[in-house]
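Note sheet for the following structure.
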Amino acid sequence: MNPDAIDDLIQTVLDGDASPSDVTRLEQMIATDPFVRQRHAELQLAFAALAQGAKLEDPPADLSANILAEIRRQQPAGARTAAARPVSRPAFSWLRIALPLAACAAAAVVLLWSGRPNTIRPAAEGTTGTIAAAPLGSLTLGPGDEAASIRWRKTNGATFALDLEAGTSAVSVTIEPQDVRLESPAGARALAPGATETILGTVTGEQPSVRVTLTWADGRSATREVKLSGLLR
Amino acid sequence: MDDETLVQRCLSGDTEAFGELVARYEKPLFNAALRLLRDREEARDATQNAFVKAWQNLAQFDRSRRFFSWIYRITLNESLNRATRRKRSEPLDDRLVDHGASPAELAERNQQSALLERAMARLPDAQREVLVLRHWLDLSYDEIAEAIHLPSKTVKSRLFSARVRLAEVLGTMGVQS
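Protein chains in written order, with the working numbering: chain A, 542 to 774; chain B, 878 to 1054.
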């Protein structure tokens, strides 16, 4: 038996997937072959350590609530994303046919009236706007719908922006910088329900981070450290 | 209710159905991120971002595949991106430390878990990944193969290498068979 086949047999047996005859065959080889015995002992050590030590940890208690708060925040009333189409309303299902037909008829009238049926304009023609940098990271902090959203993004060179957005309750936000300098004054700032605020800062050291503490009106608070190491790229 | 039905309901805008998927998979995905990042806060953020991205891109999900495999890939990419950013800004020694656990917390943990955690930290990401999928998440070889887009045979050989390497590391830490 070549070494690869021996390794495969040992692993199959330790995985618990081997047939009784394979188990017997391996036991005989262990008894007679020092190489197989040594190899088996090595792998058994790893399997034993994994069996005793590989335990699932419970995720943070508010993780699922924060995830759902975040997706609901991204799906404001009236939004129409592929994953967020509203449930259809059976009572008005005839509108699903009638409205597109009416829209097509209206479009045909407009095209005929303009006399330019082959002209297609880019959707963005004549519009202006700002393209925001993609966020380097984001998190939500707090329970359920009250959770505030915190996003951080690189703006220019060593500068960055922290975008704060309150949840459904007013919240006081305190930011303690480390290895960063904030452009706005230190101290707590109050955010009304749903309010947003952007805080600008500059990286000054090698371990940039900010400690964000939220305090709600009833005295509850939550603190998280936001590591900004991605800004150093 | 199976995953496929829940995904279908999500595509109709049903956030409660997505809540079911979150409840079903937050623990294994958080643990996968935790083993790769070794930092509870970063693992929490990676898991949360993965679920949010899954929600945003659910229309692109190929429903002939398992939902877990798909969202696992998203979590993995999210975790690896974070690990890469961190490696660029932290010295090597810092990376071998579990930032999520204070000495008191470590003392509370099961000794074998702490020892295994330290040994796992010395393995390459690819080897650590297959061990996590097999021994923490209890996936079969075929399920691992689907999750990480490799043939089952490659998964098996990678697991073998990872187990041998883990045994070597445990040996250097004074653990005897």
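Glycine residues also receive a C-beta, built at the ideal position from the N, C-alpha and C atoms.
- Contact with chain B is found for A/Ala590, since one of that chain's Cβ atoms lies less than 7 Å from the residue's Cβ.
- Ranked by how close their Cα comes to the Cα of A/Arg566, the residues A/Ile551, A/Gln579, A/Asp556 have A/Ile551 in first place.
- Interface flag for A/Asp548 against chain B is set, since a Cβ pair is found closer than 7 Å.
- Note that the stretch 585 to 604 of chain A touches the stretch 907 to 914 of chain B; at least 3 beta-carbon pairs, one per stretch, sit closer than 8 Å.
- Per DSSP, A/Glu611 is not a residue of any beta strand (DSSP E); the alpha helix (DSSP H) it occupies stretches across 604 to 614.
- About 18 Å separates the CB atoms of B/Glu919 and B/Arg950; that is not less than 8 Å, and the two are not in contact.
- Interface criterion not met: the Cβ of A/Pro684 is under 7 Å from no Cβ in chain B.
- Approximately 6 Å separates the beta-carbon atoms of B/Ile948 and B/Tyr902; this is inside 8 Å, confirming the contact.
- Annotation for B/Val1009: no alpha helix (DSSP H) segment contains it, and DSSP assigns it neither H nor E.
- Interface annotation, A/Lys596: in contact with chain B, CB-CB separation under 7 Å.
- Neighbours of A/Ile612 across chain B, judged by C-beta separation under 7 Å: Thr892, Phe895, Val929, Trp932.
- Put simply, the backbone Cα of A/Leu591 is about 37 Å away from that of A/Ile691.
- Where A/Leu732 is concerned, the enclosing beta strand (DSSP E) starts and stops at 730 to 732.
- When secondary structure is reduced to three states using DSSP, A/Pro575 falls in the helix class.
- About 6 Å separates the Cβ atoms of A/Pro734 and A/Ser710, confirming a contact at the 8 Å cut-off.
- For the pair B/Leu1010 and B/Leu1016, the CB atoms are nearer than the 7 Å cut-off.
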